[in-house]
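Have a look at the structure below, then the notes.
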Amino acid sequence: MKIGKIAKYRIISQAIFFVVANLGFIIGMTGIVYPFFYCYASPGACASCPLGIIEHSVSGGMLMAGMFLYVIFFIALVGLVFGRAACGWACPIGALQDAINAVAGKLQTRLNNRAAAVLPSRLPGKMKYVKYGLLAYVVLGSAVLALPTFTDLCPVGVLTGTFPQLALNPGSFAFGQYFAVGMIIFSLFVALIVLVGRGWCRWFCPIGAMFAGTNKISILKLRLRGDKCVNCNACSKSCPMAINVPEDAERNPECILCGRCVDACKFDALRM
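Going by my numbering, the first residue of the sequence shown is number 2, and it counts up by one from there.
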């Protein structure tokens with residue numbers, strides 16, 4: 002499979018951010034927040050998961066309001082410049098899904114076509130709203146119950162935190178009360194990202210939901226040059242977020258600005 006020009010830069014960027022995400026082995030923890038999904042419990046973590054900070058800040062009462070505002074300001078600042086590009090260019094979980102797609106892309110396409118034949122046509126499009134509901138649940142649920150409602154069950158936490166800690170410290174690892182449930186959710190997560198390209202990003206990622214609104218105002222954006230578009234639909238077929246690119250790509254909150262559509266266009270109709 003030929004790798005496009007933007008794809009090459011994106012792969013390099015993802016590799017760099019994966020290394021940066023694990024600099025904790027060298028520099029330890031900092032007071033910085035990751036602009037993507039990565040567990041602070043990871044042995045190499047050098048920053049904190051924005052969702053985890055939000056959970057703990059709202060469940061801790063007004064004394065934690067500063068932490069909450071810090072995360073919101075940080076996400077808004079990154080989003081104002083880059084929109085949701087962190088999902089496409091920096092997030093290790095996004096990179097993992099891209100790697101799986103590179104290996105199992107044909108299988109994912111066949112399964113998606115079969116699913117489209119039996120499921121309601123609007124269902125995949127409606128599923129994108131689940132992540133916004135999940136984000137609301139995390140914030141409101143943590144505030145009402147006065148405890149983190151997502152961290153103990155987070156599949157990304159299992160992948161980047163639980164498993165590495167278990168591998169490095171098998172004798173001292175303590176299994177929490179939600180471990181079994183977490184493993185079930187993690188199994189569903191694995192099935193999702195194997196069977197559906199960028200399925201986690203499209204439907205369930207609360208951090209993607211946090212960034213989504215910034216696509217409307219971000220400096221970095223996707224532009225369609227209508228005078229050059231021939232409606233061949235190559236861009237839409239390449240989009241991992243299942244966006245109808247010619248009609249709905251510019252400023253779309255679901256766009257992760259990965260540039261696949263730009264690489265796929267042979268008529269130079271798309272620019273970032």
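Where a beta carbon is used, it is the ideal one built from N, C-alpha and C, also for glycine.
Please indicate yes or no: does the CB of residue i lie closer than 7 Å to some heavy atom of the ligand ADP?
| i | result |
| --- | --- |
| TYR10 | Because no ligand of any kind appears in the structure shown, any question about the ligand ADP cannot be addressed here. |
Can you give the beta carbon distance from residue i to residue j, rounded, assuming they're within the 8 Å contact cut?
| i | j | result |
| --- | --- | --- |
| ASN102 | GLY198 | 5 Å |
| LEU225 | ALA270 | 6 Å |
| PHE187 | PRO93 | With 8 Å as the limit, PHE187 and PRO93 do not qualify as a contact, their Cβ atoms being about 16 Å apart. |
| CYS47 | GLY29 | 7 Å |
| MET242 | LEU258 | So it is not a contact: roughly 10 Å between Cβ atoms. |
| THR152 | GLY5 | About 37 Å; that fails the 8 Å criterion. |
| PHE69 | SER58 | 4 Å |
Quick check on the DSSP output: the alpha helix (DSSP H) that includes residue i runs from which residue to which?
| i | result |
| --- | --- |
| GLN178 | Careful: GLN178 lies outside any alpha helix (DSSP H) and carries neither H nor E. |
| CYS262 | 261–265 |
| ARG123 | First-last for ARG123: undefined, no H or E at that position. |
| MET68 | 66–83 |
| TYR138 | 131–146 |
| PRO51 | 51–60 |
| TRP90 | 86–90 |
| GLY25 | 25–28 |
| SER14 | 6–22 |
Can the beta-carbon of residue i be found less than 8 Å from the beta-carbon of residue j?
| i | j | result |
| --- | --- | --- |
| TRP204 | LYS132 | yes |
| VAL157 | THR150 | no |
| CYS262 | CYS236 | yes |
| LEU193 | GLY200 | yes |
| LYS127 | GLU255 | no |
Alpha carbon to alpha carbon, what distance is there between residue j and residue i?
| i | j | result |
| --- | --- | --- |
| LYS217 | ALA250 | 11 Å |
| ILE73 | THR110 | 36 Å |
| LEU167 | GLU248 | 47 Å |
| LEU23 | LYS229 | A small fix is needed here, since residue 23 is Asn in this sequence, not Leu. Computed Cα separation, rounded: 43 Å. |
| SER239 | ALA116 | 18 Å |
| ILE27 | LYS222 | 35 Å |
> Do the region 87–94 and the region 177–187 meet, that is, are 3 or more Cβ pairs less than 8 Å apart?
Replying inline: no
> Would you say the region 27–43 touches the region 155–169, given that touching needs at least three Cβ pairs under 8 Å?
Replying inline: Output reads yes: the region 155–169 touches the region 27–43.
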